[in-house]
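> This is the structure I want to talk about, given as structure tokens.
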Amino acid sequence: MRILNFGSLNIDYVYRVDSFVKPGETKAAQSLSVFPGGKGLNQSLAMARAGLAVAHAGKVGKEGGFLLETLRKGGVDTRLIETSAIATGHAIIQVDDKGGNCILLFGGANQDIDEHYIDRALAGFGSGDMLVLQNEISS
């Protein structure tokens, strides 16, 4: 059995704030951290860390190379991931002093998935293989 995770690839921009920004307000963040993210990327890494062989399908923009490197270093097969002319999906995440968060998501290249790409990605998989999906890519 082989596993194909057809999922999102995002860059997470995490801003530490004392409180969330309100409409019409501009405020300074305490810090900024940048992380690889997306439910799909996180799932692929978790499966690989659990010892499963997993291939990831999805799309990134030109600036998404570090997401591919993160997956490769984590033991995920990235040969099916394509580069899109659209920017990599990303999330702007505010985290307050109490640990609460507010997230603004830009789907970006995750929304650039069409039937032709789906057919190419699925071509090497069949009966007895597993397909993992989440709700952050094109419908």
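Taking my numbering, the leading residue of the sequence shown gets -4, the next gets one more, and so forth. For each residue, glycine too, the CB sits at the ideal point set by N, CA and C. This one's a predicted model, so the numbers in the text were calculated from it and none came from an experiment.
1) Quick one: using the 10 Å Cβ neighbour count with 16 as the cut-off for buried, is I76 buried or exposed?
2) Taking DSSP as the reference, what is the three-state secondary structure of G84?
3) Could you check the C-alpha separation between G2 and P18 for me, to the nearest Å?
4) Would the segment 107 to 114 count as touching the segment 21 to 35 if we require 3 or more Cβ pairs under 8 Å?
5) Going by alpha carbons, who is nearest to G69 out of H85, S79, G46 and T78?
6) Give the DSSP bridge partners of Y8, in chain order.
7) Is the CB-CB distance between I108 and K54 below 8 Å?
8) Determine which residues share a DSSP beta bridge with V127 and list them.
9) Under a three-way DSSP split, which group does T73 fall into?
10) Need the endpoints of the alpha helix (DSSP H) that L36 sits in, please.
On the basis of the coordinates in this document:
1) Taking the first residue of the sequence shown as 1, we reach residue 76 at position 81. With 16 or more Cβ atoms within 10 Å of its Cβ, I76 is classed as buried.
2) In the sequence shown, counting from the first residue as 1, residue 84 sits at position 89. Of the three classes helix, strand and coil, the one that applies to G84 here is strand, per DSSP.
3) To locate residue 2, count along the sequence shown from 1; it is residue 7. To locate residue 18, count along the sequence shown from 1; it is residue 23. So the alpha carbons of these two residues sit roughly 32 Å apart.
4) Judged by Cβ distances under 8 Å, the segment 107 to 114 makes no contact with the segment 21 to 35, as fewer than three pairs qualify.
5) Looking up residue 69 in the sequence shown gives position 74. Per the Cα distances, G46.
6) Counting from one through the sequence shown, the residue named residue 8 turns up at place 13. Looking at the DSSP assignment, Y8 forms a beta bridge with V29 and I87.
7) In the sequence shown, residue 108 corresponds to position 113, counting from 1. In the sequence shown, residue 54 corresponds to position 59, counting from 1. Yes; because the gap between Cβ atoms is below 8 Å, this pair is in contact.
8) In the sequence shown, residue 127 corresponds to position 132, counting from 1. As a beta-bridge residue in DSSP terms, V127 pairs with N0.
9) As a working mapping, residue 73 is identified with position 78 in the sequence shown. In this structure, T73 counts as coil in the three-state DSSP scheme.
10) Start at 1 with the first residue of the sequence shown, and residue 36 comes out as number 41. K34 to R44 is the span of the alpha helix (DSSP H), which, as asked, contains L36.
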